[in-house]
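Numbering-wise (the working numbering), the sequence shown opens with residue 2 and increments by one. Structure record follows, encoded as structure tokens.
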Amino acid sequence: MQITDVEISAPEYCPEQARHRASVCLTLADRIVTLFCSIELTAETGAEARWAAFLGDALRQMKRMPEFRAGRATLEVADGLTPHPGFA
């Protein structure tokens with residue numbers, strides 16, 4: 002299954018835990034999946050690096066779902082996906 006769009010919403014940073022949190026919405030051909038993601042990066046980390054880390058955490062969670070873990074389906078990210086304008 003190909004991920005055709007990634008939208009990250011409600012990003013927040015917790016300085017006590019040095020963690021960024023956000024909802025990551027993955028659009029696939031037959032479904033939309035929203036995951037709560039958490040990444041360990043400094044507050045100064047740039048938007049593009051945070052976006053890539055959130056996507057990585059979302060993919061990690063998706064690969065644990067039964068259909069992907071059992072090998073009945075595979076995941077791939079469409080070429081050219083970039084953060085939506087306004088993701089900071």
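Where is the CB? At the ideal position from N, CA and C, for every residue including glycine.
Original post:
What separation, rounded to the nearest whole angstrom, lies between the Cα atoms of A30 and A54?
Top reply: 23 Å
Subject >> Closest residue to Q3 among E41, T35, A74 and P84 (Cα-Cα distance) >> reply: A74
Original post:
In angstroms, rounded to a whole number, what distance separates the CA positions of L76 and I33?
Top reply: 13 Å
**OP:** Drop a sphere of 10 angstroms on the beta-carbon of E78, count the other beta-carbons inside from all chains shown, and report buried for 16 or more, exposed for fewer.
**Re:** In the sequence as presented, Glu is not what sits at residue 78; that position holds Val. So V78 ends up on the exposed side.
Original post:
Nearest-angstrom Cα distance between A23 and C38?
Top reply: 6 Å
**OP:** For R51, count neighbouring C-beta atoms within 10 Å of its own C-beta (all shown protein chains included) and say buried if the count is 16 or more, exposed if not.
**Re:** buried
Subject >> Extent of the continuous beta strand (DSSP E) run through R73 >> reply: That residue, R73, is in no beta strand (DSSP E); it is neither H nor E in DSSP.
Subject >> Nonlocal neighbours in the same chain, by C-beta distance under 7 Å from F88, ignoring five residues either side >> reply: I9, A48 and W52
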